[in-house]
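Below is one structure; the comments refer to it alone.
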DNA sequence: CCGCATCCAAATGGATACTG
DNA sequence: CAGTATCCATTTGGATGCGG
């Protein structure tokens, strides 16, 4: 099921990262490789099913790399691709803006 | 119904603008004040109900200003607040990133 | 440990009809 | 023109149980 890209580039970006879970995953992986279980624990309220879905989707989009180790018990590690890492400045901007906004609200 | 802000600032920002429709509305309004009908026509595939919902939500969040003129037929104009305008750099970054991404894919 | 399959509840969005 | 109200189809996500 190939996603087709929207006409507007802003929308393209949003389609890829504009999701509550995806940004949280990105922020986690920016600090380095993590295992599935670590991600799940770190994000907290996400269900296993949804986390899997999001990771698969981001993998398809070329933002995340998935590495499976043939061990028992199994180990699966996720990391950002170069494309994924290139989103960092945007995430940082969003972070800064979000903080300012919060200040405005709370006075 | 007051929304409570998420813990992570990135998420805060995303809660406010991370929506297919909201970014499109923002991009439209960045170029100046628009009437309801203009927005609807410009965005195209959005339904009246959803456009109203999104605008109301953005108004509550302090991103958009709504101005009603006591005329017949009625005229309602929407514009960005200062807070809303301050999102422009982020939207621009997203736009640029989206274009690069598209090139990579179609490459 | 990681993830798939299934079932089910809730939220979302479109279509339509009606109003000041 | 710019909404509101209602109904309904689709999507989404949580919970649970099973499997490599």
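Residue numbers (the UniProt record's numbering), protein chains in the order written: chain A, 1 to 107; chain B, 1 to 107.
The beta-carbon is built from N, C-alpha and C at its ideal position, and this holds for glycine as well.
Remember, predicted model here, so these are calculated numbers, not experimental data.
| said: Just verifying my parser: in three-state terms, what is the DSSP assignment at residue 39 of chain A? | reply: Indexing the first chain from 1 puts residue 39 of chain A at position 39. Of the three classes helix, strand and coil, the one that applies to residue 39 of chain A here is helix, per DSSP.
| field | Boundaries (first-last residue) of the alpha helix (DSSP H) holding residue 23 of chain A | value | Taking the first residue of the first chain as 1, we reach residue 23 of chain A at position 23. Bounds of the alpha helix (DSSP H) holding residue 23 of chain A are 20-30.
| Can you find a CB in chain A that lies within less than 8 Å of the CB of residue 1 of chain B? | Position 1 of the second chain, counted from the start, is the residue given in the question as residue 1 of chain B. Residue placement at residue 1 of chain B is flagged as unreliable, the pLDDT there being 42, under the threshold of 50; a coordinate-derived value is accordingly withheld.
| query | Any beta-carbon of chain A closer than 8 Å to the one on residue 119 of chain B? | reply | Missing from the structure shown is residue 119 of chain B; chain B here goes from 1 to 107 and no further.
| request: Determine, using beta carbons only, whether residue 68 of chain B and residue 84 of chain B come nearer to each other than 8 Å. | output: Here residue 68 of chain B refers to the residue found at position 68 when the second chain is read from its first residue. Here residue 84 of chain B refers to the residue found at position 84 when the second chain is read from its first residue. The answer is no: Cβ separation not under 8 Å.
| said: Quick check on residue 87 of chain A - is its C-beta less than 8 Å from some C-beta in chain B? | reply: The residue labelled residue 87 of chain A in the question sits at position 87 within the first chain. Between residue 87 of chain A and chain B, the shortest Cβ-Cβ separation is below 8 Å.
| residue 82 of chain B versus residue 102 of chain A: straight-line alpha-carbon distance, rounded | To locate residue 82 of chain B, count along the second chain from 1; it is residue 82. To locate residue 102 of chain A, count along the first chain from 1; it is residue 102. In this structure, the CA atom of residue 82 of chain B is about 15 Å from the CA atom of residue 102 of chain A.
| task | For residue 63 of chain B, name the three-state secondary structure that DSSP assigns. | result | Working through the second chain from its first residue, we reach residue 63 of chain B at position 63. Of the three classes helix, strand and coil, the one that applies to residue 63 of chain B here is coil, per DSSP.
| query | Do residue 33 of chain B and residue 71 of chain B come within 8 Å of each other at the CB atom, strictly closer than that value? | reply | Reading the second chain from its first residue, position 71 is the one you call residue 71 of chain B. Reading the second chain from its first residue, position 33 is the one you call residue 33 of chain B. Result no, Cβ atoms of residue 71 of chain B and residue 33 of chain B do not sit closer than 8 Å.
| Heavy atom of the ligand GTP within 7 Å of residue 18 of chain A beta-carbon | In terms of ligand content, the structure shown is empty, and the ligand GTP therefore cannot be addressed.
| request: Would you mind working out which of A/10, A/21, A/36, A/26 sits nearest residue 92 of chain A, comparing C-alpha positions? | output: Position 92 of the first chain holds residue 92 of chain A. Out of A/10, A/21, A/36, A/26, A/26 has the C-alpha closest to the C-alpha of residue 92 of chain A.
| Interface partners of residue 110 of chain A on chain B, CB under 7 Å | This structure gives no information on residue 110 of chain A, because the portion of chain A shown stretches from 1 to 107.
| When the Cα atoms are used, what is the spatial distance from residue 74 of chain B to residue 38 of chain B? | Position 74 of the second chain holds residue 74 of chain B. Position 38 of the second chain holds residue 38 of chain B. Computed Cα separation, rounded: 14 Å.
| task | Give the interface partners of residue 103 of chain B over in chain A, defined as CB-CB distance under 8 Å, in chain order. | result | On the second chain, residue 103 of chain B is found 103 positions in, with the first residue counted as 1. Taking the beta carbon of residue 103 of chain B as reference, no residue of chain A falls within 8 Å; the closest one sits roughly 10 Å away.
| request: Starting from residue 99 of chain A, trace the beta strand (DSSP E) both ways and give me its first and last residue. | output: Position 99 of the first chain holds residue 99 of chain A. Careful: residue 99 of chain A lies outside any beta strand (DSSP E), inside the alpha helix (DSSP H) at 88-106.
| request: Apply the 10 Å Cβ neighbour rule to residue 89 of chain B and answer buried if 16 or more other Cβ atoms are within range, or exposed otherwise. | output: On the second chain, residue 89 of chain B is found 89 positions in, with the first residue counted as 1. With fewer than 16 other beta carbons inside 10 angstroms of its own, residue 89 of chain B counts as exposed.
| message | Less than 8 Å between the C-beta atoms of residue 13 of chain A and residue 94 of chain B, yes or no? | response | Position 13 of the first chain holds residue 13 of chain A. Position 94 of the second chain holds residue 94 of chain B. It is a contact, given that the beta carbons lie within the stated cut-off.
| query | With DSSP run on the structure shown, which of helix, strand or coil describes residue 82 of chain A? | reply | Here residue 82 of chain A corresponds to residue number 82 of the first chain, with the count starting at 1. If DSSP states are grouped into helix, strand and coil, residue 82 of chain A belongs with the helices.
| request: Note down the Cα distance separating residue 9 of chain B from residue 24 of chain A, rounded to an integer number of angstroms. | output: Here residue 9 of chain B refers to the residue found at position 9 of the second chain. Here residue 24 of chain A refers to the residue found at position 24 of the first chain. Cα to Cα, the separation comes out at about 11 Å.
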